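In what follows, a structure is listed as structure tokens, so that the remarks can point back to it.
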Amino acid sequence: MSISNPIPMTILLVEDDEVDIMNVKRAFKKNNISNPLVIAHNGIEALELLRSTEADAPKPRIVLLDLNMPRMGGIEFLKEIRQDPELSSLSVFVMTTSNEDGDKIDAFNLNVAGYILKPLSMDRFIAAVSTLKSYWTLCEYPE
């Protein structure tokens, strides 16, 4: 029995805060996550990236999404991708400071895979990212 070594899935981080971007990168490093990480600073930038027709641009399968961003917030972005047949199957994890029940309900109604509250302590954040790694390592995605 041979184990195939698939190309690591590209992950899109949609985050406008540079400190939070650095924290995600640090948590990836601590968890030995070597998946390519693409960064968009708001929903509009993320949509442009996801809809890009460049052949060599890796298409992310997983999105880590902040809710509170300029230009286009996370809920607005989620509504947009869930209506797009090309993007509707993306796995989206919300990573946000918003502990509002309304935001959680809106996010889950838009079929998010998880809702992670930040700022956790760095140790708890690293543990949360570890759980994410387990999730996307175990999930079987179509080719």
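Using the UniProt record's numbering, the first residue of the sequence shown is number 1, and each one after it goes up by one.
C-beta: ideal position from N, C-alpha, C; glycine also.
Model, not experiment: these values are computed from the prediction.
Just reading off the beta strand (DSSP E) that residue i is part of, what are its end residues?
i             : result
methionine 95 : 91 to 96
Compare the beta carbon distance of residue i and residue j with 8 Å and say whether it is the shorter of the two.
i             : j                : result
glycine 43    : methionine 72    : yes
isoleucine 11 : asparagine 35    : yes
residue 162   : phenylalanine 77 : Since the displayed the chain opens at 1 and closes at 143, residue 162 lies outside it and no answer follows.
histidine 41  : aspartate 20     : no
alanine 27    : isoleucine 116   : no
methionine 9  : tryptophan 136   : yes
isoleucine 33 : lysine 133       : yes
isoleucine 75 : aspartate 106    : yes
asparagine 68 : serine 98        : yes
Helix, strand or coil for residue i? Go by DSSP, reduced to three states.
i         : result
proline 8 : coil
Inter-stretch contact at 8 Å, needing at least 3 Cβ pairs: the stretch 71 to 83 / the stretch 28 to 48: yes
Beta strand (DSSP E) runs wholly inside the UniProt domain "Response regulatory" (10 to 133), at least 3 long, in chain order: 11 to 14, 37 to 40, 62 to 65, 91 to 96 and 114 to 117
The stretch 88 to 101 / the stretch 57 to 65 touching (three or more Cβ pairs under 8 Å): yes
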